[in-house]
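This report refers to the structure that appears directly beneath it.
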Amino acid sequence: MIDIPFTVDELIEACKETVRINGLPSCYIRPLVYLGYGEMGLNPLSCEVNVAIAVWPWGAYLGEESLEAGVDMMISSWQRHDPNAMPPAAKGVGHYINSQMAKIQAVKAGYDEAILLSPQGFVSECTGENLFIVKNGTIITPPSSAGALEGITQDSVHQIADDLDIPYRVGHLLRSDLYTADEAFLSGTAAEVVPIRSVDDRVIGNRGPVTTNIQEMFFSSVRGELVQYEQWNELI
């Protein structure tokens, strides 16, 4: 119920101009729609809607070495939001407190990243990334009904898998499915595509062949090297 006072084309051009004017050859883009000046209280309906766009240089979110060696994960004791408490389908700023609690727990325990379960006990997602396992050659990722936020990079992984004739499906996963996976990886705007090396000290291993193929195709596509994915690129 936040009506953005700009068209999609205007927002795209504003993102491009922000990158252009800062002279960044590679960066992270964060557009943010927020409620500005208005009534102080819990009723935000009278507040004006503002949009801000920030860009900054950002290397590999989970570290350059993670792109090949993978990351060590733990299943957090913090659950993903119940859908009747806060809508996990919304990419809301306030939701990130949930992710921050899980991330801090994981980092302090010596892991790179955390995995959250749904209130029903199904695998949901990482603190800021979608999660995938590979089992018997098939990629499986949790559904939005488990609290996973649908991702643009997740859609890219699905398209690449289809083009490579790699079976792909959406389905509920238990923590034991993570422990026994042949491969596992995560995806996100910041993280891009990163292998998962271990979960709760159960070693999955380094980057496997399916993960490698997906990752290499993804990085080639975002660099504009593949004609079949040129519609994913906005030239600046």
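As numbered in the numbering used here, residues 814 to 1049 make up the sequence shown, in order.
Note that the Cβ used here is the ideal one computed from N, Cα and C, for glycine as well.
Computed from a prediction, not measured in an experiment: that's the story for all the values here.
Give me the DSSP bridge partner(s) of residue i.
i	result
S1000	N943, V1006
V844	Just to set this straight, residue 844 is Pro in the shown sequence, not Val. Answer is I866, bridged to P844.
R982	I953
S1011	D885, V1016
Going by DSSP in three states, residue i sits in which element: helix, strand or coil?
i	result
W869	strand
E988	Glu is not the amino acid found at residue 988; the sequence shown has Arg there. Three-state DSSP puts R988 in a helix.
R833	helix
D1096	The chain is shown only over 814 to 1049; residue 1096 falls outside these bounds and no answer can be derived.
A994	coil
K948	strand
S937	strand
I928	strand
W1045	helix
I973	helix
Y909	helix
D968	helix
C828	helix
N1026	helix
K916	helix
K904	coil
A959	helix
E823	helix
What's the call for residue i, buried or exposed, on a 16-neighbour Cβ count within 10 Å?
i	result
P901	buried
V1085	Because the chain is modelled from 814 through 1049, residue 1085 falls outside the range shown and cannot be assessed.
F1031	buried
E834	The question names Glu, but residue 834 in the sequence shown is Ile. Its Cβ having fewer than 16 others within 10 Å, I834 is exposed.
E881	exposed
Q1044	exposed
M814	exposed
Output needed for residue i: all residues of its chain with C-beta closer than 7 Å, excluding positions within five of it in sequence on either side, in chain order.
i	result
S937	R893, L929, L930, S931, P955, A959, G960, A961
E861	G849, Y850, G851
S1033	L1039
D975	Y981
Leaving out five residues on either side along the sequence, give the residues of the same chain with a beta carbon under 6 Å from the beta carbon of residue i.
i	result
T1024	E996, F998, P1008
M914	W891
A879	Looking at the sequence itself, residue 879 is Ser, so the reference to Ala does not match. Contacts found: V1007.
- [ ] Please confirm if the stretch 954-963 is in contact with the stretch 914-926, defined as three or more CB-CB distances below 8 Å between the two stretches.
- [x] no
TODO: Spell out a yes or no on whether the stretch 845-856 and the stretch 889-899 are touching, meaning 3 or more CB-CB pairs, one atom from each, closer than 8 Å.
DONE: no
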